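Chains as they are written, first to last, in my numbering: chain Y, 22 to 366; chain Z, 63 to 277. See below for the structure under consideration.
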């Protein structure tokens, strides 16, 4: 569907994209995640050639679009919708006119425009705002209108550039669910650029992690669990567990003692077994749970993966600790020793 | 004040109004494309040579004091209008004086548009012309009205200068009666009329811009 082959891009001698190779399938929700300045927005813009790569090819539906100009370029863009962080609606036009704009540009007749806009307003559930101006809409409503505008020419691809970064968590959730819905209804290939793992995990089937203009990992949401070194998995867990409170962390040392703090990461079937209580009974261990969190991710299919994190304190000798860690490895848990407590916590 | 003086004052006001209205319209007709091309050549479809050329042309004509421009343009005025005297003739230097001014203002208005707007236009697959027609001008309309208002007020000022080289209007009236005849009252009345005229233009412009401003 979308193929990016060996893309390079420099802005004023600064390398922004470096050797980008990516294949995105028809109907997929694909996430591009990375810190700000990682080049993810630039990468997104190469797809509709808002940014033209210095080297490499952009291939959409087996057509090399990299060097399209003028009319052919405009026509190619008519098949790609785009939404932005700042919504970018026309302040001078009503909701109706904003949604109708792309069709007017294409010279579609009035009756078709009217019926299409009405249908889209119905989809975004803003029929009552048809004659309102963007200034009177909330952020979430503005983004809905922007999505409707992007959908108005029935594109095959939807590009989302930090589309929810300016919205509050609740509105973000509703916009994400909406994006998911239109992905399912129209089978529209959706590419989501974000710096929040939370967004990727909610709607994406696959994701690419970017850093310093390069793609450092491409993985499916389900597949990342198989990879022990997955950066995306690390990000998921980071997002899942807040850092330890300072009152705990500043008591931790490397000097071994009988009180050890462990971080356990679990996913899949191991997340659903009562591991801690089993261990406690089996090894006669006192396990103190300091912090715990659990979450679930949906993949292509409905099965999904449950994953979670535990920070526990053990009262154990070093032999007992070793046995405990062995059991953890057998049970498919990832164990990390955070440190030892030599003082009263 | 005699009846004759009153008549002459009315005529002068009408002349000033005529010069201001017609030259404002003409300078918008010429300046809007000029300012738009200047903006497009720098931000939509970069064409550095064209941009530099237009920009220098605007700077050049704006650096000539209007009173000098008036005199310099006399041959051109004669060529176009057949004469260099009277209110009709004055339309030529007034329009040519105000065109670069409004073109620069219009370019500035465009530059204050939100950055993402042009990118959005591109993402919708607009050609340069469609971008101007459907996105830039509608979004800039309140700003364009403000720019026109400022230009119209500048033209009130210019039209008074035009009076000194035989252009007619309130400027001419004030010079002849107020200055050359030491008639303080006439001068005061002229100034009052000009103040009211400028106020009306400003208020009208603001109202119109507010009507189109949906922000």
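Backbone N, C-alpha and C define an ideal beta-carbon position, used for all residues, glycine too. In this text the structure is predicted, and so the values were computed from the model without any measurement.
Below 6 Å CB to CB, which residues in the same chain sit around residue i once its five sequence neighbours on both sides are set aside?
i	result
residue 87 of chain Y	78 and 79
residue 152 of chain Y	115
residue 85 of chain Y	78
residue 97 of chain Z	165, 168 and 169
residue 138 of chain Y	117, 120 and 121
Should residue i be labelled buried (16 or more other beta-carbon atoms within 10 Å of its own) or exposed?
i	result
residue 276 of chain Y	exposed
residue 293 of chain Y	exposed
residue 360 of chain Y	buried
residue 176 of chain Y	buried
residue 34 of chain Y	exposed
residue 168 of chain Z	buried
residue 130 of chain Y	exposed
residue 185 of chain Z	buried
residue 218 of chain Z	buried
residue 332 of chain Y	buried
residue 68 of chain Z	exposed
residue 235 of chain Z	buried
residue 309 of chain Y	exposed
residue 165 of chain Y	buried
residue 241 of chain Z	exposed
residue 152 of chain Z	buried
residue 181 of chain Y	buried
residue 108 of chain Z	exposed
residue 224 of chain Y	buried
residue 146 of chain Z	buried
residue 64 of chain Z	exposed
To which residues of the same chain is residue i closer than 8 Å at the C-beta, ignoring the five residues directly before and after it?
i	result
residue 254 of chain Y	245, 246 and 248
residue 237 of chain Y	230, 231 and 252
residue 220 of chain Y	52, 185, 193, 197 and 213
residue 354 of chain Y	285, 286, 287, 291 and 296
residue 323 of chain Y	Annotation note: pLDDT 49 at residue 323 of chain Y (below 50); position unreliable, coordinate value reported separately. Contacts found: none.
residue 207 of chain Y	172 and 175
residue 89 of chain Y	70 and 97
Just to confirm, are residue i and residue j a CB contact at a threshold of 9 Å?
i	j	result
residue 349 of chain Y	residue 257 of chain Y	no
residue 260 of chain Y	residue 222 of chain Y	yes
residue 98 of chain Y	residue 69 of chain Y	yes
residue 213 of chain Z	residue 89 of chain Z	yes
residue 226 of chain Z	residue 142 of chain Z	no
residue 272 of chain Y	residue 362 of chain Y	yes
residue 94 of chain Z	residue 160 of chain Z	no
residue 27 of chain Y	residue 41 of chain Y	yes
residue 26 of chain Z	residue 270 of chain Z	The structure shown does not extend to residue 26 of chain Z, since chain Z spans only 63 to 277, so no value can be given for it.
residue 267 of chain Z	residue 81 of chain Z	no
residue 127 of chain Y	residue 147 of chain Y	no
residue 226 of chain Y	residue 242 of chain Y	yes
residue 101 of chain Z	residue 192 of chain Z	no
residue 112 of chain Z	residue 123 of chain Z	no
residue 117 of chain Y	residue 168 of chain Y	no
residue 204 of chain Z	residue 157 of chain Y	no
residue 25 of chain Y	residue 63 of chain Y	no
Leaving out five residues before and five after residue i in sequence, what residues of the same chain have Cβ atoms less than 7 Å from its Cβ?
i	result
residue 273 of chain Z	none
residue 22 of chain Y	45, 46, 47, 82 and 210
residue 60 of chain Y	37, 38, 231 and 234
residue 107 of chain Y	187
residue 150 of chain Z	143
residue 260 of chain Z	215 and 218
residue 171 of chain Y	102, 103, 104 and 179
residue 138 of chain Z	154
residue 179 of chain Z	197 and 201
residue 337 of chain Y	279, 281, 306 and 345
Identify each residue in the stretch 113 to 138 of chain Y for which the Cβ-Cβ distance to at least one residue of chain Z is less than 7 Å, and report them in chain order. From the stretch 113 to 138 of chain Y, only 113, 114, 122, 123, 125 and 126 have a Cβ closer than 7 Å to chain Z.
Which residues of the stretch 168 to 180 of chain Z have a Cβ closer than 8 Å to any Cβ of chain Y? Give them in chain order. The stretch 168 to 180 of chain Z vs chain Y, Cβ under 8 Å: 176, 178 and 179.
Residues of the stretch 167 to 198 of chain Y with a CB closer than 7 Å to any CB of chain Z: list them in chain order, please. The stretch 167 to 198 of chain Y vs chain Z, Cβ under 7 Å: nothing.
Output needed in chain order: residues of the stretch 201 to 225 of chain Z with a Cβ under 9 Å from some Cβ in chain Y. Going along the stretch 201 to 225 of chain Z in chain order, one finds 201, 202, 203 and 204 with a Cβ nearer than 9 Å to chain Y.
Against chain Z: residues of the stretch 58 to 88 of chain Y by CB proximity under 8 Å: Within the stretch 58 to 88 of chain Y, the residues whose Cβ lies closer than 8 Å to some Cβ of chain Z are 69 and 71, listed in chain order.
Runs of beta strand (DSSP E) lying entirely within the stretch 48 to 81 of chain Y, each at least 3 residues, in chain order: Here the runs fully enclosed are 50 to 55 and 76 to 81.
Kindly provide the ranges of any alpha helix (DSSP H) runs that are 4 or more residues long and lie completely inside the stretch 124 to 162 of chain Y, ordered along the chain. For the stretch 124 to 162 of chain Y, whole alpha helix (DSSP H) runs of length 4 or above, ordered along the chain, are 131 to 144.
Quick one: which residues of the stretch 178 to 199 of chain Z get their C-beta closer than 8 Å to a C-beta of chain Y? List them in chain order. Residues of the stretch 178 to 199 of chain Z that bring their beta carbon within less than 8 Å of a beta carbon in chain Y comprise 178, 179, 181, 182, 184, 185, 186, 187, 188, 189, 192, 196 and 197, in sequence order.
Run through the stretch 257 to 340 of chain Y for me and flag every whole beta strand (DSSP E) of 3 or more residues, listed as ranges in chain order. Look at the stretch 257 to 340 of chain Y and you find these whole runs of beta strand (DSSP E), each 3 residues long or longer: 280 to 288, 307 to 318 and 326 to 336.
In chain order, which alpha helix (DSSP H) runs of at least 4 residues are fully inside the stretch 215 to 251 of chain Z? Complete alpha helix (DSSP H) runs here, min 4: 231 to 235.
Which ranges does the alpha helix (DSSP H) cover as unbroken runs of at least 4 residues, wholly within the stretch 151 to 219 of chain Y, from first to last along the chain? DSSP assignment within the stretch 151 to 219 of chain Y yields the following whole alpha helix (DSSP H) runs of 4 residues or more, N-terminal first: 160 to 172 and 190 to 207.
Start-end ranges of the alpha helix (DSSP H) lying completely within the stretch 138 to 177 of chain Z, minimum 4 residues: You should have 148 to 173.
For the stretch 96 to 110 of chain Z, which residues have a CB atom closer than 9 Å to at least one CB atom of chain Y, in sequence order? Those residues of the stretch 96 to 110 of chain Z that come within reach of chain Y (Cβ to Cβ, closer than 9 Å) do not exist; the list is empty.
Using a Cβ-Cβ cut-off of less than 7 Å, give me the residues of the stretch 98 to 113 of chain Y that come near chain Z, in sequence order. Residues 98, 99, 103, 105, 107, 109, 111, 112 and 113.
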